[in-house]
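Going left to right, the sequence shown walks through residues 23 to 486 as this note's numbering numbers them.
Cβ atoms here follow ideal geometry from the backbone N, Cα and C, with glycine treated the same way.
Written below as structure tokens is the structure these notes are about.
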Amino acid sequence: MTAASPGPAATTGATTSPAAAGAATGLAADSATVPATEPTTGLSTEPASWRPPAGFDATARTVLDRCDRLAALSSRPDGIERVYLSPEHAAANELAGTWMREAGLSTWQDAAGNLCGRMEGRRPGLPAVLLGSHLDTVPGAGRYDGILGVVAAIAVVDRLRARADALPFAVEVAAFADEEGTRFGATLLGSRALAGTWDERWWEHRDAVGTTMRDAAVAFGLDPGAVATAARGAEDLVAYLELHIEQGPRLEEADRALGVVTSIAGARRMLVTVTGETRHCATPWDRRRDALAAASEMVLAVERIARDAGSPATVGHLRVEPDAVNVIPGLAELSIDLRDADDDARDATLALVLAELDAIAARRGVAVVVAPTHVAPAVACDPGLRAAVRAGIAATGAIEPLEVYSVAGHDAMAVAAVAPIGMVFVRCAGGISHHADESVRADDVATAVDALEATVLALAATRS
Ligand code: GLV
Ligand code: MN
Ligand code: MN
Numbered sequence: 023m024t025a026a027s028p029g030p031a032a033t034t035g036a037t038t039s040p041a042a043a044g045a046a047t048g049l050a051a052d053s054a055t056v057p058a059t060e061p062t063t064g065l066s067t068e069p070a071s072w073r074p075p076a077g078f079d080a081t082a083r084t085v086l087d088r089c090d091r092l093a094a095l096s097s098r099p100d101g102i103e104r105v106y107l108s109p110e111h112a113a114a115n116e117l118a119g120t121w122m123r124e125a126g127l128s129t130w131q132d133a134a135g136n137l138c139g140r141m142e143g144r145r146p147g148l149p150a151v152l153l154g155s156h157l158d159t160v161p162g163a164g165r166y167d168g169i170l171g172v173v174a175a176i177a178v179v180d181r182l183r184a185r186a187d188a189l190p191f192a193v194e195v196a197a198f199a200d201e202e203g204t205r206f207g208a209t210l211l212g213s214r215a216l217a218g219t220w221d222e223r224w225w226e227h228r229d230a231v232g233t234t235m236r237d238a239a240v241a242f243g244l245d246p247g248a249v250a251t252a253a254r255g256a257e258d259l260v261a262y263l264e265l266h267i268e269q270g271p272r273l274e275e276a277d278r279a280l281g282v283v284t285s286i287a288g289a290r291r292m293l294v295t296v297t298g299e300t301r302h303c304a305t306p307w308d309r310r311r312d313a314l315a316a317a318s319e320m321v322l323a324v325e326r327i328a329r330d331a332g333s334p335a336t337v338g339h340l341r342v343e344p345d346a347v348n349v350i351p352g353l354a355e356l357s358i359d360l361r362d363a364d365d366d367a368r369d370a371t372l373a374l375v376l377a378e379l380d381a382i383a384a385r386r387g388v389a390v391v392v393a394p395t396h397v398a399p400a401v402a403c404d405p406g407l408r409a410a411v412r413a414g415i416a417a418t419g420a421i422e423p424l425e426v427y428s429v430a431g432h433d434a435m436a437v438a439a440v441a442p443i444g445m446v447f448v449r450c451a452g453g454i455s456h457h458a459d460e461s462v463r464a465d466d467v468a469t470a471v472d473a474l475e476a477t478v479l480a481l482a483a484t485r486s
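And the structure:
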């Protein structure tokens, strides 16, 4: 472990186990939605000001406080942003590493910058049930996307350690270093390193200021030549379980705290470069080859075609050169993120989009080049793990869990290359995510941790 040092004495209250006992959590009925807007004022080293009522579930208190503390590790004062291989990434690993060790995990930072922890089962060296999610964020992020899954996993291990010598597997926690892919274009970097699907070409990807991933990794203290050592084999892992906020409104609409994820959409991302001619704004209409006007038509075409096809698609990045008020843009660059539950359906939509981009470019006399930056196939959650998640949710006394398909991408997609995957979704207010308004109910968090613990125990029961 290079990033973290021994932590302070344990202060967590995450030691009781209502789920294991099958007991109610004793949650206050008024346990309110955690106000996610507070953090904008609370982005200091202090937790946000929300405090659960007296007698509130101790684990939920700890988990939410820890999400607040990680939110303070941001590269910007006006919101949360923590990208791969940044000083904030190192600080988050350091902090979460102390929590892991307090929970009884031995820790290390792997060659891709993932923070990992392990607790042995009934004998040393058993394959592990891996729990986890990611610690990186998008710009202007909320405080729960990814983070909640890591912090909840640590809380579950803290509870399980008293019975670790009865477990038929080890339990590990992975705090993945890059799931969002916002710094270097490629995405799911941490989980792909763990799954052994790292692509050496990624080292030459550059961030917005021109730093290559290779240079950033070396500055972070990693050895790019050693990245293969982060890979785990199928023989190392019994299962991967990820708890994550839903990032959609279906649980809230159905009045359910938790959901069982059925599958995760397959995604493609690409960078589209439109090249026209940079000219004075006095240029007559018939002599213009305006890259931004063409790109604007392309953005609307992506929306129209994808909507008609039922494949979620987003243009989230647009850059213009020379970006001056009185100059016709000679270059425009846009991103496309296209997803679908079915890879063939997604690719059929993409073919329609690409044909339309070509048609727009031809009509406007500009050139268009499309460079793929990411592809991930749709992944189904393992039937056995879906059953375990369902049993885990049932053990909390929650009403019948909803089965939901995930449009959002998750580390589980990459880990699926080496282990069966299962996911628990937690309701988030308004389905809002990738925004500071991301918000969860504290009582849902308490139930979610109970359910994840009970899922691990359900899995243990099937293997004992
Ligand atoms: C990650 O949040 C994604 O779905 O892109
Ligand atoms: Mn995200
Ligand atoms: Mn996420």
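Between the options, which lies nearest to residue i when the distance is taken from Cα to Cα?
{"i": "L508", "options": "G444, T469 and E460", "result": "With the chain running from 23 to 486 in the structure shown, residue 508 is simply not present."}
{"i": "D472", "options": "A118, G338 and A174", "result": "A174"}
{"i": "L211", "options": "C450, V437 and Q269", "result": "V437"}
{"i": "L293", "options": "V390, A133 and T418", "result": "V390"}
{"i": "G243", "options": "H111, A125 and V397", "result": "H111"}
{"i": "A276", "options": "P423, G119 and D433", "result": "P423"}
{"i": "T251", "options": "A441, D132 and D465", "result": "D132"}
{"i": "L481", "options": "I454, Y262, V397 and L273", "result": "Y262"}
{"i": "S128", "options": "V342, T120 and G139", "result": "G139"}
{"i": "D158", "options": "L137, E142, R329 and V178", "result": "L137"}
{"i": "P442", "options": "E425, D345 and A409", "result": "A409"}
{"i": "R83", "options": "L170, A134, V105 and R123", "result": "L170"}
{"i": "W167", "options": "A468, D245, L265 and D237", "result": "One point to set straight first is that residue 167 is Asp, not Trp, in the sequence displayed. The option with the nearest alpha carbon to D167 is L265."}
{"i": "L86", "options": "T484, D465 and E425", "result": "D465"}
{"i": "F105", "options": "A239, M122, W220 and T81", "result": "First, the amino acid is wrong: residue 105 is Val here, not Phe. Nearest option by C-alpha distance: A239."}
{"i": "A196", "options": "V467, V179 and T209", "result": "V179"}
{"i": "D365", "options": "T469, R386, M141 and A331", "result": "A331"}
{"i": "H339", "options": "T204, G218 and A346", "result": "T204"}
{"i": "W220", "options": "A192, A253, T233 and E202", "result": "A253"}
{"i": "A328", "options": "E116, E378 and H156", "result": "E378"}
{"i": "I176", "options": "R385, A398, A118 and D200", "result": "A118"}
{"i": "A184", "options": "L479, V375 and S486", "result": "L479"}
{"i": "A113", "options": "A416, D404 and R91", "result": "R91"}
{"i": "G453", "options": "E268, G431, A400 and R341", "result": "E268"}
{"i": "D200", "options": "A192, V193, E194 and G154", "result": "G154"}
{"i": "L314", "options": "V342, E460 and C89", "result": "V342"}
{"i": "C403", "options": "V440, A150 and R326", "result": "V440"}
{"i": "M141", "options": "A134, P149 and G135", "result": "P149"}
{"i": "A373", "options": "V324, A248 and G298", "result": "V324"}
{"i": "V375", "options": "E319, G298 and E222", "result": "E319"}
{"i": "T209", "options": "A398, A383, T484 and D380", "result": "A398"}
Should residue i be listed as close to ligand 1, given that the test is whether its C-beta is under 6 angstroms from any heavy atom?
{"i": "A430", "result": "yes"}
Is residue i close to ligand 3? I mean its beta-carbon at under 6 angstroms from any heavy atom of the ligand.
{"i": "D180", "result": "no"}
{"i": "G352", "result": "no"}
Among the residues of its own chain, which have a CB less than 7 angstroms from the CB of residue i, if the five just before and after it don't count?
{"i": "A230", "result": "none"}
{"i": "R144", "result": "D187, A188, L189 and P190"}
{"i": "V321", "result": "V337 and L356"}
{"i": "S108", "result": "S97"}
{"i": "R368", "result": "G288, R290, S333, L360, R361 and D362"}
{"i": "T469", "result": "T47, A279, L280, T418 and A420"}
Consider the C-beta atom of residue i and the heavy atoms of ligand 2; say whether any pair is separated by less than 6 angstroms.
{"i": "D158", "result": "no"}
{"i": "E202", "result": "yes"}
Between which residues of its own chain and residue i is the CB-CB distance below 6 angstroms, once the five residues before and five after are set aside?
{"i": "A163", "result": "I102"}
{"i": "H456", "result": "V160"}
{"i": "S213", "result": "F198, D433, A436 and V437"}
{"i": "V411", "result": "V282, G444, V446 and T477"}
{"i": "A317", "result": "V296, A354 and L356"}
{"i": "D52", "result": "Low confidence applies here, because D52 scores a pLDDT of 31, under 50, leaving its location unreliable; read the following figure in that light. Correct list: empty, nothing qualifies."}
{"i": "N348", "result": "C303"}
{"i": "P246", "result": "W225, R236 and A239"}
{"i": "A413", "result": "A480"}
Closer than 8 angstroms by C-beta to residue i: which residues in its own chain qualify, once you throw out the five before and the five after it? Chain order, please.
{"i": "T62", "result": "Here the model assigns T62 a pLDDT of 33, short of 50, so the residue's position is not dependable, and the following value carries that caveat. So the list reads D100, G101 and A458, once near-sequence residues are dropped."}
{"i": "T305", "result": "I350"}
{"i": "R228", "result": "F206, T234 and M235"}
{"i": "Y427", "result": "V283, T284, S285, I286, A287 and A363"}
{"i": "P271", "result": "G452 and G453"}
Under a CB-based cut-off of 7 angstroms, is residue i close to chain D?
{"i": "L424", "result": "Note that chain D does not occur in the displayed structure, where there is just one protein chain."}
Any chance the CB of residue i is under 6 angstroms from a heavy atom of ligand 4?
{"i": "H457", "result": "Among the ligands modelled here, namely ligand 1, ligand 2 and ligand 3, ligand 4 does not occur."}
Give the list of continuous alpha helix (DSSP H) stretches no shorter than 4 residues that lie fully inside the stretch 153 to 212. 169 to 182
Where in the stretch 280 to 314 do unbroken runs of the beta strand (DSSP E), each at least 3 residues long, occur, reported from the N-terminal end onward? 280 to 286 and 288 to 297
Who sits around ligand 3, taking every residue whose Cβ is closer than 5 angstroms to one of its heavy atoms? D167 and G168
Ignoring anything shorter than 3 residues or poking outside the stretch 95 to 154, list the beta strand (DSSP E) runs there in chain order. 128 to 131 and 137 to 141
What residue ranges within the stretch 218 to 284 form continuous beta strand (DSSP E) runs of no fewer than 3 residues, ordered along the chain? 259 to 267
At 3 residues or longer, what runs of the beta strand (DSSP E) sit wholly inside the stretch 339 to 376? 340 to 343 and 353 to 362
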